[in-house]
Amino acid sequence: MAKILLKRIFRPVYPTPAALIASVAADGTPNLITLGECFNISIADPVIVGLAIMPSRYSYELIKRCGEFTVNFPTAEMTEVVDRCGSVSGRKVGNKFAYAGLTALPSTLVKPPIVAECPVNLECTLVDIIPAGDHDLFRGRVVAQHVDDSCLDGSGNIAVERLNPLSYVLGQYWSGGGFLGNHGFSKKGKSG
Ligand SMILES: Cc1cc2nc3c(=O)[nH]c(=O)nc-3n(C[C@H](O)[C@H](O)[C@H](O)COP(=O)(O)O)c2cc1C
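Residue numbers for the sequence shown follow the working numbering, beginning at 88 and rising by one.
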């Protein structure tokens, strides 16, 4: 097997979750943007997530002004709606929840709503915006997390096999494969 050096390096880290980020305008109109670049930065204490957003996006302006946003993780069944939210600006269509046929539910601690149809939702306050290149890095502190009761197991933990998350890989949408093992299974055996 030979290794070939690619001529163009583009979006090299994959897969990433496809995420719907909700923001809100000054008049209360909510907006949504599809992101392939949404990731954990600090995982427990504090919980900080990162978003990479292009300065030209309407959502960039709204999140910067409001200082808050929500992160909503769709299922693979929602691929078309995710693509719709990522193919037109809220500047053009107005309320993107209405445009995409999604339901806005009030958040508990922040102004932007959460997406009812997404099984997992994070409420976030903006920490800062760091210039990073063609996209800027938005760091957000997660102040609340919601999970559909149907996606919890008997112990109140997220039942991963019920999430059916949507992944973004090199410009394509993919759904997940199957369970391969728990973190650390190489030491302890698959279940544990
Ligand atoms: C699957 C997918 C992933 C995307 N990832 C990003 C991203 O990580 N950062 C970004 O700035 N735009 C990304 N976009 C583009 C925005 O979603 C798109 O420009 C959107 O229309 C912006 O909406 P707004 O102007 O209402 O904020 C992505 C689009 C799709 C379809």
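Just so you know, even glycine gets a beta-carbon here, dropped at the ideal spot from N, CA and C.
Just so it is clear, the structure is predicted and the values come from calculations on it, not from any experiment.
Apart from the five residues just before and just after residue i, which ones in its own chain have a Cβ nearer than 6 Å to its Cβ?
i: SER129; result: ILE135
i: GLY177; result: ASN118, TYR145, LYS183
i: VAL111; result: PRO117, CYS153, LYS198, PRO199
i: PHE156; result: ILE108, SER110, ILE150, PRO199, CYS211
i: PRO102; result: SER254, VAL256
Return yes when at least one heavy atom of ligand 1 lies under 6 Å from the C-beta of residue i, else no.
i: MET165; result: no
i: MET88; result: no
i: THR121; result: yes
i: TYR101; result: no
i: TYR186; result: no
i: ASN182; result: no
i: ARG171; result: no
i: GLY177; result: yes
i: GLU148; result: no
i: ILE140; result: yes
i: ALA219; result: no
i: ASN159; result: no
i: ALA105; result: yes
i: ARG144; result: yes
i: GLU124; result: yes
i: ASN118; result: yes
Near residue i, which residues of its chain fall below 7 Å by C-beta distance, leaving aside the five closest residues on each side in sequence?
i: LYS151; result: ILE216
i: VAL234; result: PRO206, VAL207, ILE245
i: GLY265; result: none
i: VAL169; result: ALA105, LEU107, THR121, PRO161, LEU253
Reducing DSSP to helix, strand and coil, say where residue i ends up.
i: GLU155; result: strand
i: ILE128; result: strand
i: LEU93; result: coil
i: SER110; result: strand
Whose C-beta lies closer than 8 Å to the C-beta of residue i among residues of the same chain, with five residues either side of it excluded?
i: CYS238; result: PRO206, VAL207, ILE245, ALA246, ARG249, LEU250
Quiz item: Can you find at least 3 beta carbon pairs, one from the region 240–251 and one from the region 208–224, that sit closer than 8 Å?
Solution: Contact check between the region 240–251 and the region 208–224: fewer than three CB pairs, one atom from each, fall below 8 Å, which does not count as touching.
Exercise. Please confirm if the region 251–266 is in contact with the region 219–231, defined as three or more CB-CB distances below 8 Å between the two stretches.
Key: No contact exists between the region 251–266 and the region 219–231.
Self-check item: Every unbroken alpha helix (DSSP H) within the region 157–204, with a cutoff of 4 residues, ordered by chain
Solution: DSSP runs (the alpha helix (DSSP H)) wholly in the region 157–204: 166–172, 177–180, 183–187.
Self-check item: Every unbroken beta strand (DSSP E) inside the region 208–266 [3 residues or more]
Solution: Counting only runs of 3 or more, we get 223–234, 253–256, 259–262.
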